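Undergrad: Got a structure here, written out as structure tokens. Questions coming.
Protein chains in written order, with our numbering: chain A, 1 to 421; chain B, 422 to 1033.
In structure tokens form, the structure reads like this:
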């Protein structure tokens, strides 16, 4: 038994571990494909992004091993400390950080750059899990209800100040964890979803058709449930609110959103967008993916990839490389891997004995899901272009290490489930 | 346990969460199915998306002479390029016969290109001439992956001034590594002003992005040319050369080894820079360049070697000009000082021989008749001054004057690959003879410009220019304006003073005038032009002496300062001085009237037949 103590992988969930390794490998192979211009070059060229990615992966593996080796109580005990530390770092980056593409989100250390906002995600997850696990349902009052939102809002706000709206939006992923814990009702979630769909619809279709549609649906539902008077009133009230919302979308779009944010939405919903301008990325990405066909062009054979048609191809648009070279089959396999991955994390979370572990598990799944949904969604034109990486796949050290940390913290806590006392 | 119960309150919500995950995945898969399998429009777009980057090479700047006459221009040609990754199903036999190449050549080039990159263009065949280009271009659509890239080559109006222009060649791997501007196959100035003014001459490359279909036919500009950049033509160079004088100089130097350097004293502008023998600059252009270069390299007369800047000769008697000025400045000699000369100078077993001339001579006379005895005494007196504690100190003092004339160092001007010449330091003598074991008698040959001293023709012409300017020079250079003639090259316009007072220089100007009027240079006198000069004969242990002459004219309003060296030809007065006088006559009068005089120089042949 004593020797087994040193096996850090004992009781670590093997399917998760396997998928993790698979994703990391897929990422590296495709970064190489998207960056290398001469296939005779070695992947171990550390001046190139694929070579650097190998270093990042090594760092991630090392971090994972350390997390598996340390005492799992540490995560809960130091939850607030880690959270506080990263809040300070987020403030520091605003003051001392380097400006890259108009965002102030990076620390430059030697030839490497670190993006603290990536690490702030798991720090927030820790603090959230810590706080919510100490709240007992009977005592849930206004203060207890509002605190989780504040825990999420502070780092999100600081990231927003870095002018990195994409990463700030990621913090909304915690809504899924909050929903599971009962802090958000299903109606709220559905409402938010409807609001988002309506927002996009409004920009696509004349708003009066939509208001008409809302009126019609409200009327039909009211007629069906006409015997339950209070609910009819509620539905009519909701209908009126939605109508006003749709009416105001145009106003919000024209007056509240910044120019580049407007453009990103316009490219998505309009056919007449200028493909040379803001629509360029998305169009090229779609061409690359579309040219993949069923089985793809073959590894390292994608012409769109090779000629660098798609900007940011090793980072935010890595999925276009996969789409071109591996085709529909490759894409489906990757999507299934991700879905199995996060579903299994959720299922494992449900099996946890402590609320802390469960909430952390949900947070991890939510964050990975959000990145997955937005990143792939944008490359295939379903979501506005928001520059966030595809976890474990995209090029980048901060993202790789931070996602590995959060995943292995949960895996470490999960080993508890199988340990016998 | 309480917690456990509470969690179960929302236990069912996990299904909703998982349902959201699944739905998202499903939406993506459906969307991808349409994008990748059903909708063909993106696949078509992709095939249209094959782009070809055609570099728009700017025309290299033209080169003009000081009077606006065109000297160097460009001629178009075409490189046949290949992108190996796009070469598909071509009829190799037909292709080879179209280009007139062998199958082996084809395979070789394809391998090389593939090694560089499968997806970027590399040169398949260089420098296709205009007439074959039209024919090849017509057939090229049958051979996807091949395209032509327009380029230009240098062309020279006159087969002249090759050393000054330098030449243009393909960039080597070293340059490509250090300067991201250059790609393999680009051209770069390798020597001369082509090298020094490379950044002005080369202009700015542009790029045109063409969309090509799978058969490699150009469909049109990529996105209406939005990402195209126009090339910026290179800037023209307006040189200081007077091409007529340059051509005349080269003509006079035919069948002779040596150099002519002529400078406009007031500006430091080099009017003529002849290094003989030279070569036709058109030889070092295009495909034949490497072969011709090797041929020139094997020539025993070293035509590539730029003697005007790199040949270091002892200056001989023309150095008396500098040496005497130092004596005047140091006060060891006055213009009236006389020494008698018995036809030689003897001290401690060393004898310096002199030629037959009136004796005793004053300072002017010593220059006029080039008296070795006078110069040696003067030199020894300069070094043996009592005010110096030791010989190192006095020698260094003497040497500093030479430095102020620019001797012993390169000019850092716009002519790359010049040599500094040699002016020994006192340390040098210390090493040879031991500290303080040498004295003025040990080094007395320096007084007559022999021994441990070497100067290039450019240095000598600069001495003439300095005296013409009465005590200063402007770094000699060959480019007066870049871009337009109005955009003056201001890099070389600083007056550099020598450590000699003007009054002493006036004495020397008069003495040098006497050299030409009545002295050693009297045969080279030009009617109506007041020329000041100094002859020199450099002792050559390997054969006939080198003939040297420096001069400037007109004496009181100098337009031209010149140095001429003719190797293995004999006395300065016999060959170098007449040649220099012809150059001056040509420059100042615009034509040469002394026909027989000119004929004599043109016919002279000092190239040893066995060297040829």
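Even glycine gets a Cβ: it sits at the ideal position worked out from N, Cα and C. What you are looking at is a predicted structure, and each value in this text was computed from that prediction instead of being measured.
Which value, in whole angstroms, describes the spacing of the CA atoms of residue 966 of chain B and residue 1009 of chain B?
TA: Residue 966 of chain B and residue 1009 of chain B: Cα-Cα distance of roughly 30 angstroms.
Undergrad: Taking Cβ positions only, does residue 27 of chain A come closer than 8 angstroms to chain B?
TA: no
Undergrad: In three-state terms, what does DSSP make of residue 435 of chain B?
TA: helix
Undergrad: Where are the alpha helix (DSSP H) runs, 4 residues long or more, that stay fully inside the stretch 685-742 of chain B, in chain order?
TA: 710-719, 728-731
Undergrad: Flag this pair as yes or no: are the beta carbons of residue 737 of chain B and residue 958 of chain B separated by less than 8 angstroms?
TA: Less than 8 angstroms separates the beta-carbon of residue 737 of chain B from that of residue 958 of chain B.
Undergrad: Is residue 918 of chain B helix, strand or coil when you go by DSSP?
TA: strand
Undergrad: Can you tell me where the alpha helix (DSSP H) holding residue 178 of chain A begins and where it ends?
TA: 174-180
Undergrad: According to DSSP, is residue 1000 of chain B part of a helix, a strand, or is it coil?
TA: helix
Undergrad: What number of angstroms, rounded off, separates the C-alpha of residue 144 of chain A from the C-alpha of residue 107 of chain A?
TA: 35 angstroms
Undergrad: According to the neighbour-count rule (16 or more other Cβ atoms, all chains shown, within 10 Å of its Cβ), is residue 96 of chain A buried or exposed?
TA: exposed
Undergrad: Smallest Cα separation from residue 488 of chain B: which of B/500, B/993, B/924, B/906?
TA: B/906
Undergrad: Between residue 751 of chain B and the rest of its own chain, which residues show a CB-CB distance below 6 angstroms, the 5 nearest in sequence each way excluded?
TA: 803
Undergrad: Secondary structure at residue 767 of chain B, three-state DSSP: helix, strand or coil?
TA: strand
Undergrad: Considering only their Cβ atoms, is the gap separating residue 207 of chain A from residue 249 of chain A smaller than 8 angstroms?
TA: yes
Undergrad: Three or more C-beta pairs under 8 angstroms: does that hold for the stretch 878-895 of chain B against the stretch 823-838 of chain B?
TA: yes
Undergrad: With a cut-off of 8 angstroms, does the C-beta of residue 286 of chain A fall near any C-beta of chain B?
TA: Look at residue 286 of chain A: its C-beta is under 8 angstroms from a C-beta on chain B.
Undergrad: What does DSSP give as the partner residue(s) for residue 928 of chain B in the beta ladder?
TA: The partner list for residue 928 of chain B (beta bridge, DSSP) is empty, contrary to what the question assumes.
Undergrad: Who are the neighbours of residue 578 of chain B on chain A, taking C-beta pairs under 7 angstroms?
TA: The premise fails here: residue 578 of chain B is roughly 43 angstroms from chain A at the closest Cβ pair, so nothing lies under 7 angstroms.
Undergrad: Using CA coordinates, which residue listed in B/876, B/546, B/805, B/914 is at the minimum distance from residue 860 of chain B?
TA: B/805
Undergrad: For residue 546 of chain B, which of helix, strand or coil comes out of DSSP?
TA: Reduced to three states, the DSSP call for residue 546 of chain B is strand.
Undergrad: In the DSSP assignment, find the alpha helix (DSSP H) that holds residue 667 of chain B and state where it starts and stops.
TA: 664-673
Undergrad: Drop a sphere of 10 angstroms on the beta-carbon of residue 295 of chain A, count the other beta-carbons inside from all chains shown, and report buried for 16 or more, exposed for fewer.
TA: exposed
Undergrad: Could you check what DSSP says for residue 856 of chain B in three-state terms: helix, strand or coil?
TA: coil
Undergrad: So, under 8 angstroms CB-CB, residue 566 of chain B and residue 505 of chain B are touching, yes? Tell me the CB distance rounded to an integer number of Å.
TA: 7 angstroms
Undergrad: With respect to the beta strand (DSSP E) encompassing residue 493 of chain B, which residues constitute its N-terminal and C-terminal limits?
TA: 491-503
Undergrad: Nearest to residue 167 of chain A by alpha carbon, out of A/407, A/59, A/388, A/415?
TA: A/388
Undergrad: Spell out the partners DSSP gives residue 1042 of chain B in its beta bridges.
TA: Outside the modelled stretch of chain B, which goes from 422 to 1033, sits residue 1042 of chain B, for which no answer is possible.
Undergrad: I need the straight-line Cα distance from residue 244 of chain A to residue 194 of chain A, nearest angstrom please.
TA: Cα to Cα, residue 244 of chain A sits roughly 14 angstroms from residue 194 of chain A.
Undergrad: Less than 8 angstroms between C-beta atoms, sequence neighbours within five positions excluded: which residues of the same chain meet that for residue 146 of chain A?
TA: none
Undergrad: Ignore the nearest five residues each way along the sequence and tell me which others in residue 774 of chain B's own chain have a CB closer than 6 angstroms to its CB.
TA: Here the set comprises 765.
Undergrad: Strictly under 8 angstroms for the Cβ-Cβ distance: is residue 350 of chain A near chain B by that measure?
TA: yes
Undergrad: Taking Cβ-Cβ distances below 7 angstroms as the criterion, which residues of the stretch 222-237 of chain A are in contact with chain B?
TA: Interface annotation for the stretch 222-237 of chain A against chain B: empty, criterion Cβ-Cβ distance under 7 angstroms.
Undergrad: Check the DSSP bridge columns for residue 106 of chain A and list the partner residues they point to.
TA: A/98
Undergrad: Could you spell out the range, first to last residue, of the beta strand (DSSP E) harbouring residue 972 of chain B?
TA: 967-974
Undergrad: For the stretch 793-826 of chain B, list the beta strand (DSSP E) runs that are entirely contained and at least 3 residues long, ordered along the chain.
TA: none
Undergrad: In or out: residue 237 of chain A buried (at least 16 other Cβ within 10 Å) or exposed?
TA: In this structure residue 237 of chain A is exposed. Its beta-carbon is surrounded by fewer than 16 other beta-carbon atoms within 10 angstroms.
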